[in-house]
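Enquirer: In the numbering used here, the protein residues as written are -15 to 238.
1. On the criterion of 16 or more Cβ atoms from any shown chain inside 10 Å, does residue 124 qualify as buried, or is it exposed?
2. Please list, in chain order, all residues of the same chain as residue 2 whose beta carbon is under 6 angstroms from its beta carbon, the five residues on each side excluded.
3. For residue 84, does the three-state DSSP call read helix, strand or coil?
4. In angstroms with no decimal places, state the Cα-to-Cα distance between residue 28 and residue 223.
5. Just to confirm before moving on: does the CB-CB distance between residue 298 and residue 204 stay below 8 angstroms?
6. Got a sec? Which residues, its chain only, sit under 7 angstroms from residue 111 by beta carbon, not counting five neighbours each side?
7. So, for residue 39: in the same chain, excluding its five sequence neighbours on each side, which residues have a beta-carbon less than 8 angstroms away from its beta-carbon?
8. Pick helix, strand or coil for residue -5, following the three-state DSSP scheme.
9. Taking 8 angstroms as the limit between beta carbons, can you name the residues of its chain near residue 217, skipping five residues before and five after?
10. Our contact map puts residue 71 next to residue 25 with C-beta atoms below 8 angstroms; I'd like the distance itself, whole angstroms only.
11. Between residue -13 and residue 192, how many whole angstroms is the CB-CB distance? I'm expecting something under 8 angstroms.
12. Counting C-beta neighbours from all protein chains within 10 Å, is the total for residue 172 16 or more, i.e. buried, or is it exposed?
13. Quick check on residue 103: does DSSP put it in helix, strand or coil?
14. Which one or two residues does DSSP pair with residue 140 in a beta bridge?
15. Since residue 106 contacts residue 116 with CB under 8 angstroms, what's their CB separation in whole angstroms?
16. Using only the alpha-carbon positions, how far apart do residue 101 and residue 94 sit?
17. Considering only DSSP beta bridges, list what residue 261 is partnered with.
18. Looking at the unbroken beta strand (DSSP E) that takes in residue 214, where does it start and where does it end?
19. Rounded to whole angstroms, what is the Cα-Cα separation between residue 134 and residue -2?
20. What does a CB cutoff of less than 7 angstroms around residue 128 pick up in its chain, not counting 5 residues either side in sequence?
21. Which residues mark the beginning and the end of the alpha helix (DSSP H) in which residue 200 is found?
22. Quick one: is residue 36 buried, meaning 16 or more other Cβ sit within 10 Å of its Cβ, or exposed?
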């Protein structure tokens, strides 16, 4: 199976307090891992952000975007596409926001304190797209599972940390993904898949597309249209136990 593998959910140390490597390091790891592109989704203002919340909004946004900007600069050297997004947090309930940029953030400081419903309206007005991140994850920082099918455009059906041995879940919670996949299908919502990567010890997950994506808006269009060939998990034997080669950004699992 040939295609272009994209990471849709990853963090950098510049933007996320839990990030263990900078944007440039992360880009190099993904380039070496055979990915065609990545979307940097650092933790937003009320999530596990690495940026001082007492800063003026403009300064906060500038620093928040550094992980993405460093990754993009490195990606340009490597031929790795790097797109921008973020992961918003509502007391443990998290959403991946795609399709907006730093300029949009700078001109919309109200997004910081928006409710889930207001976030959906604002993001849509700006031409963005929202996927509910790991909706059925159970963890100490999540008080309870809350679902908002009417206020998202997609569901993260596969989060590779739930099955990878290289994280706190120790590969033991495939059921989190199974429930998310079933939930997305129940509500006829498109599905996304990502690694939720925080370090260069690659978890390996993402979405395999039949073509190279043009930009972040092309990504959201492809997700909405169900173009992905495969939602890739950390346990996917087609990719990780077979021969791997990188050729012009094409990832091949043989």
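Positions of the beta carbon are idealized from the N, C-alpha and C atoms, including for glycine. Predicted, not measured: the structure shown is a model, and the values here were computed from it.
Expert: Reading off the structure:
1. exposed
2. 32 and 182
3. coil
4. 31 angstroms
5. Residue 298 lies beyond the range of the chain shown here (-15 to 238); nothing can be said about it.
6. 83
7. 47
8. coil
9. 142, 144, 147, 161, 177 and 189
10. 5 angstroms
11. 4 angstroms
12. exposed
13. helix
14. 176
15. Between residue 116 and residue 106 the Cβ distance is about 17 angstroms, and since that is not below 8 angstroms, they are no contact.
16. 13 angstroms
17. The chain is shown only over -15 to 238; residue 261 falls outside these bounds and no answer can be derived.
18. 214 to 216
19. 32 angstroms
20. none
21. 200 to 208
22. exposed
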